[in-house]
Amino acid sequence: MPKTPAKMLTSNAAARSKRVARARGPSPDKTAQTKASIVRAALAEFLDKGFADATIASVAQRAGVAKGTPYRYFATKEALFAGVVQQELVGALGDILEERRERDESVQAFLRRTLLITLGEIERKGRAAIARLVIVEGVRFPALVEIYRREMFDPVLDQIKRLAPVARRRGELPDDRLIRHPHLLIAPVWMGILNNQLIDRDHPIDIAALFEAQLELMFSGEARR
1 MPKTPAKMLT SNAAARSKRV ARARGPSPDK TAQTKASIVR AALAEFLDKG FADATIASVA
61 QRAGVAKGTP YRYFATKEAL FAGVVQQELV GALGDILEER RERDESVQAF LRRTLLITLG
121 EIERKGRAAI ARLVIVEGVR FPALVEIYRR EMFDPVLDQI KRLAPVARRR GELPDDRLIR
181 HPHLLIAPVW MGILNNQLID RDHPIDIAAL FEAQLELMFS GEARR
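In full-length UniProt numbering, the protein residues as written are 1 to 225.
The structure is reproduced here in structure tokens:
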């Protein structure tokens, strides 16, 4: 039975709709989900094989996407590593921005509130392992060090540099050591990262507890409102 003009119009409209949908490509939500799954697969690949032996093809296989799909988001393996750092590390530290400290909140309380939970998960979520990967393979692949320094290390240090003078003015710090040496506050974190898995894997350190002890040692002044 031949199609009526009305049915032909409906059929043509449906075909055009499908062509437009194909031309537009996946939705932004779908694109974001695909990118995130690729990054998670890359994290697993890097931690399993190391940076040198990891391949983008293997990442695609882990993510369940076509071999060429990761290249739509990351042109190189270094760019993919940067994506891992940005998604898995940088997002976890967004809360330590000084402007997010409540008006009457002490700097010590602010650091406890924002960093202790993150540091408590540093091993379980692979964040310490990413840092160890940079340490172990950074000599061969200096781009890894640059990415980690730019995206993670420097921003954290910059926040400590901003917070230390505030803590000193409030009377939380007994002297200006943290102002002169901001690395002191995060030194225990790196000691724990090195100890666990690299130096003494049989006796792992609780990195959050070590940081908290350093926080108490440094912030021994009497806070002023």
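We put the CB at the ideal spot given by N, CA and C, even for glycine. Please read these numbers as outputs of a predicted model, since none were measured by experiment.
For residue j and residue i, the rounded distance between their alpha carbons
i, j, result
"Y71", "L217", "48 Å"
"A32", "A128", "25 Å"
"A75", "D176", "45 Å"
"A42", "L157", "27 Å"
"R62", "L119", "27 Å"
"A109", "T55", "43 Å"
"R101", "L80", "32 Å"
"G50", "D202", "21 Å"
"H47", "V134", "The question names His, but residue 47 is Leu in the sequence shown. Going by the C-alpha atoms only, they are around 11 Å apart."
"A187", "T34", "36 Å"
"E121", "L111", "15 Å"
"A209", "K125", "17 Å"
"E123", "G171", "33 Å"
"Q214", "S220", "10 Å"
"I130", "R150", "14 Å"
"I193", "D200", "10 Å"
"A57", "K30", "21 Å"
"S27", "V145", "34 Å"
Three-state secondary structure (DSSP) of residue i
i, result
"A66", "coil"
"I122", "coil"
"E78", "helix"
"Y73", "coil"
"S58", "helix"
"R150", "helix"
"R127", "helix"
"E99", "helix"
"L115", "helix"
For residue i, the nearest candidate out of the options (CA to CA)
i, options, result
"L198", "R132, R180, A60, L119", "R132"
"Y148", "V90, Y73, Q159", "V90"
"Q86", "R40, L178, V107, R180", "R40"
"R162", "L185, K30, P28, I205", "L185"
"E78", "K30, P142, L194", "P142"
"residue 239", "F219, S27, D206, S220", "Nothing about residue 239 can be reported from this structure: the residues present for the chain run from 1 to 225 only."
"M191", "A82, P204, V166, L173", "P204"
"D53", "I160, R140, Q159", "R140"
"V189", "R113, F153, G83", "F153"
"E212", "L144, V166, T114, G138", "T114"
"Q159", "E98, S37, G83, V84", "E98"
"L93", "R169, R168, P155, A82", "P155"
"P182", "N196, P165, P174, G64", "P165"
"A82", "T69, A36, R168, R180", "A36"
"V84", "A66, E105, I38, R180", "I38"
"D104", "L173, A167, V65", "A167"
Residue i, enclosing alpha helix (DSSP H) - first and last residue
i, result
"V39", "28 to 53"
"I193", "183 to 194"
"P165", "154 to 169"
"F211", "207 to 218"
"R140", "Premise fails: R140 is in no alpha helix (DSSP H) and is neither H nor E."
"R180", "177 to 180"
Cβ of residue i within 8 Å of any chain D Cβ
i, result
"T69", "Among the chains of the structure shown, chain D does not appear; only one protein chain is present."
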